[in-house]
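In the UniProt record's numbering, the protein residues as written are 1 to 126.
For glycine and all other residues, C-beta sits at the position ideal for the given N, C-alpha and C.
If you're wondering where the values come from, they're calculated on a predicted model, not measured in any experiment.
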């Protein structure tokens, strides 16, 4: 019976290597916290891989917008929320993830989110 070549067998197998996927990076988090977030994203049914880093980026981008844009979103709503993501829902997701993480990892994520929260709560110039 002829033997199949190993490369021929691997060609039909699904790729399950971690190195082929992109790693999510959140500035200010340790590798331990990032691995716990990745584990959460793979085990909880309300998260998809990359949701937490996308939520952090969306919230950070939203709070750094000019005050006029923030006020317009408050008064009339965000028309881009359906296609680009709702930043307030992203912030609520971050709260949920912080409650699901271990205390050490939650503390690290909380410090990252607090930086954006502090920028959002700054008084606006008149």
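Can you look up residue i in the DSSP assignment and give me helix, strand or coil?
i	result
residue 38	helix
residue 18	At residue 18, the pLDDT of 45 sits below 50, so the modelled position is not reliable; the number obtained from the coordinates is stated separately. Helix.
residue 66	coil
residue 3	coil
residue 25	coil
residue 102	coil
residue 86	coil
Under 8 angstroms Cβ to Cβ from residue i, same chain only, skipping five residues before and after it: list those, please.
i	result
residue 112	26, 27, 28, 29, 56
residue 42	49
residue 101	33, 36, 37, 40, 109
residue 51	41, 93
residue 119	63, 64
Out of the options, which has the shortest C-alpha to C-alpha gap to residue i?
i	options	result
residue 115	93, 38, 59, 39	59
residue 95	110, 47, 86, 40	110
residue 46	120, 117, 118, 97	97
Which same chain residues end up closer than 6 angstroms to residue i when comparing Cβ atoms and leaving out the 5 residues on each side of it in sequence?
i	result
residue 93	55
residue 33	105, 108
residue 53	24, 26
residue 85	58
Residues in the same chain with beta-carbon distance under 7 angstroms from residue i, minus the five sequence neighbours each way, listed in chain order, please.
i	result
residue 87	58, 59, 62
When the Cβ atoms of the stretch 101-108 are set against those of the stretch 52-68, are three or more pairs found closer than 8 angstroms? With a cut-off of 8 angstroms on Cβ pairs, the stretch 101-108 is not in contact with the stretch 52-68, counting fewer than three such pairs.
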